[in-house]
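Trainee: Counting with UniProt numbering, you get residues 1 to 264 for the letters of the sequence shown. In this text, a Cβ means the ideal position worked out from N, Cα and C, and glycines have one as well.
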Amino acid sequence: MAIDSPAHDYPPSRGPHGDLSGRTALVTGGGSGIGAAVAVALADRGMDVVVTGRRRPALENTARRSPALRIHVGDVSDPHDAATMVRAAQDVNGRLDVVVNNAGFGIAARLGEIDPDDAQRMWATNVLGPTLVTQAALPDLRVRGGAVINISSTFGTRTAPGISHYGAGKAALEQLTRSWAVELADAGIRVNAVAPGPTESEALDRMGLSATEAEQARAQETANIPLGRRGQPSDVAEWVVALARPDSWITGQVLGVDGGYSVV
1 MAIDSPAHDY PPSRGPHGDL SGRTALVTGG GSGIGAAVAV ALADRGMDVV VTGRRRPALE
61 NTARRSPALR IHVGDVSDPH DAATMVRAAQ DVNGRLDVVV NNAGFGIAAR LGEIDPDDAQ
121 RMWATNVLGP TLVTQAALPD LRVRGGAVIN ISSTFGTRTA PGISHYGAGK AALEQLTRSW
181 AVELADAGIR VNAVAPGPTE SEALDRMGLS ATEAEQARAQ ETANIPLGRR GQPSDVAEWV
241 VALARPDSWI TGQVLGVDGG YSVV
């Protein structure tokens, strides 16, 4: 099915990442790890960036890394918070060009151990949250076209014991990515996802694993990465920057950044 899209007069590319200067981005879950690296990388390319999350001290640490970073404390799964964080980004310079839905939550639990409250929170953060934030951003994104980048996970397609609900949420996020890409193409809004593999961050430590379990998981994951090392947040951030480019001719895609982890 062909989709007729209006022409958009985007500025020409400047260098390998295009011209992002003077534009505004919203990055959720930016207190550490991938979210923080994405926020800094976008700021380094000249963007004004509003970084959101539930932990103010962590956000303040991120903001110290660039004068172009501003923080907003809020929970993406709360409709009011989602709307106010979008307004905070719009208020920086009257526009919003890029939304990075990075905020996530996961608890490792096998089927017989899954707590209903944890399952609901995973769905609320990993699926409903990106929906609420992107929905609130739509009016501004429609003005001049823009980019939505969802941060998924290799576990959106790969399986492992104890991550059924986390993986299901990421699989749902990837389906949202494809659906939104089709729905929003005629407005010049591109929607893509990045699916990181095992990356050096706080994710494993915050999934309810003991220190020993987390270390064992890291070792097992690393042993199965063809390129022989775990990713750094900056490895992922560079691809988010590429997808944020105003001249990018990519939409509806899920890009695996995982050192080959997803193909073995």
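The alpha helix (DSSP H) with residue 270 in it runs from where to where?
Mentor: A question about residue 270 goes unanswered here, because the residues of the chain that appear run from 1 up to 264.
Trainee: Quick one: give me the first and last residue of the alpha helix (DSSP H) that R121 is part of.
Mentor: For the purposes of this step, residue 121 is taken as residue 121 along the sequence shown, with counting starting at 1. Counting along the chain, the alpha helix (DSSP H) containing R121 begins and ends at P116 to W123.
Trainee: Just list the residues that DSSP pairs H72 with in beta bridges.
Mentor: On the sequence shown, position 72 is the one that residue 72 refers to. The partner list for H72 (beta bridge, DSSP) reads T52.
Trainee: With a threshold of 8 Å, are at least 3 pairs of Cβ atoms found where one atom belongs to the segment 194-203 and the other to the segment 249-260?
Mentor: yes
Trainee: Could you pull out every residue in the same chain whose Cβ sits closer than 7 Å to the Cβ of G112, ignoring the five residues on either side in sequence?
Mentor: What you label residue 112 is simply residue 112 of the sequence shown in a count that begins at 1. Cβ within range, chain order: n/a, list empty.
Trainee: Among residues of its own chain, excluding the 5 on either side of R142, which ones have a beta-carbon nearer than 6 Å to its beta-carbon?
Mentor: As a working note, residue 142 is residue 142 in the sequence shown. So the qualifying residues of the chain are A187.
Trainee: Mapping DSSP to helix, strand and coil, what is G156?
Mentor: By 1-based counting over the sequence shown, the position of residue 156 is 156. Helix at G156.
Trainee: Could you say which of T28, A244 and E174 lies nearest to R158 if we only look at CA atoms?
Mentor: Working through the sequence shown from its first residue, we reach residue 158 at position 158. The shortest C-alpha separation from R158 is found at E174.
Trainee: Short of 6 Å in beta carbon distance, which residues of its chain neighbour A137, apart from the five on each side in sequence? Order them along the chain.
Mentor: The residue labelled residue 137 in the question sits at position 137 within the sequence shown. Closer than 6 Å at Cβ, skipping near neighbours: V86, L96 and V99.
Trainee: Roughly how many whole angstroms lie between the Cα atoms of P6 and T62?
Mentor: Translated into the one-based positions of the sequence shown, residue 6 becomes position 6. Translated into the one-based positions of the sequence shown, residue 62 becomes position 62. Here P6 scores only 38 on pLDDT, less than 50, and its place in the model is too uncertain to base an answer on.
Trainee: Look at L69 and A37 and say whether their C-beta atoms are less than 8 Å apart.
Mentor: Here the question's residue 69 lines up with position 69 in the sequence shown. Here the question's residue 37 lines up with position 37 in the sequence shown. Contact: no.
Trainee: Specify the secondary structure class of A203 as computed by DSSP and reduced to three states.
Mentor: Looking up residue 203 in the sequence shown gives position 203. A203: coil per DSSP, three-state reduction.
Trainee: May I ask you to list the residues that DSSP assigns as paired with L26?
Mentor: Position 26 of the sequence shown, counting from 1, holds the residue named residue 26. Paired residue(s): V50 and V99.
Trainee: If you check the beta carbons only, do D48 and N101 fall under 8 Å apart?
Mentor: One-based indexing of the sequence shown puts residue 48 at position 48. One-based indexing of the sequence shown puts residue 101 at position 101. It is not a contact, given that the beta carbons lie outside the stated cut-off.
Trainee: Excluding the 5 residues flanking V24 on each side, which residues of the same chain have their C-beta closer than 8 Å to its C-beta?
Mentor: Here residue 24 refers to the residue found at position 24 of the sequence shown. Reading the sequence as shown, one finds Thr at residue 24 and not Val. So the list reads M47, D48, V49, V50, A89, Q90, V92, N93, R95, L96, D97 and V98, once near-sequence residues are dropped.
Trainee: Less than 8 Å between the CB atoms is what I'm expecting for R178 and S248, so what's the real figure, rounded?
Mentor: Walking along the sequence shown from the start, residue 178 turns up at place 178. Walking along the sequence shown from the start, residue 248 turns up at place 248. Not really, about 16 Å apart at Cβ, beyond 8 Å.
Trainee: Quick test of your reading: V133 and T212, contact by CB under 8 Å. State the CB separation rounded to the nearest angstrom.
Mentor: Walking along the sequence shown from the start, residue 133 turns up at place 133. Walking along the sequence shown from the start, residue 212 turns up at place 212. Their Cβ separation, rounded to whole angstroms, is 36 Å, which puts V133 and T212 out of contact at 8 Å.
Trainee: Reducing DSSP to helix, strand and coil, say where N192 ends up.
Mentor: Here the question's residue 192 lines up with position 192 in the sequence shown. Residue state, collapsed to three classes: strand.
Trainee: Can you round the beta-carbon distance between A193 and N150 to whole angstroms, since I take them to be within the 8 Å contact cut?
Mentor: Your numbering for residue 193 matches position 193 in the sequence shown. Your numbering for residue 150 matches position 150 in the sequence shown. A193 to N150, Cβ: 4 Å. Contact.
Trainee: Given 8 Å as the limit, is there contact between the segment 212-227 and the segment 123-133, that is, 3 or more CB pairs closer than that?
Mentor: no
Trainee: Using a 10 Å radius around the Cβ and a threshold of 16 neighbouring Cβ atoms, would you call A219 buried or exposed?
Mentor: Here residue 219 corresponds to residue number 219 of the sequence shown, with the count starting at 1. It counts as exposed.
Trainee: Please report the distance separating the alpha-carbon of Q253 from that of A160.
Mentor: Indexing the sequence shown from 1 puts residue 253 at position 253. Indexing the sequence shown from 1 puts residue 160 at position 160. Inter-residue distance for Q253 and A160 is about 23 Å (C-alpha atoms, whole angstroms).
Trainee: Evaluate V264 with the Cβ neighbour count: other Cβ atoms within 10 Å of its Cβ, from every protein chain shown; 16 or more gives buried, anything less gives exposed.
Mentor: Here residue 264 refers to the residue found at position 264 of the sequence shown. The residue is exposed, with fewer than 16 neighbouring Cβ atoms inside 10 Å.
Trainee: Taking only the alpha-carbon atoms, compute the straight-line gap between S21 and D44 and give it to the nearest angstrom.
Mentor: Looking up residue 21 in the sequence shown gives position 21. Looking up residue 44 in the sequence shown gives position 44. Roughly 9 Å between the two C-alpha positions.
Trainee: Could you give the residue range of the beta strand (DSSP E) that holds residue 351?
Mentor: There is no way to answer for residue 351, as the model of the chain reaches only from 1 to 264.
Trainee: Identify whether V264 lies in helix, strand or coil by the three-state DSSP scheme.
Mentor: Locating residue 264 in the sequence shown gives position 264, counting from the first residue. The three-state secondary structure of V264, taken from DSSP, is coil.
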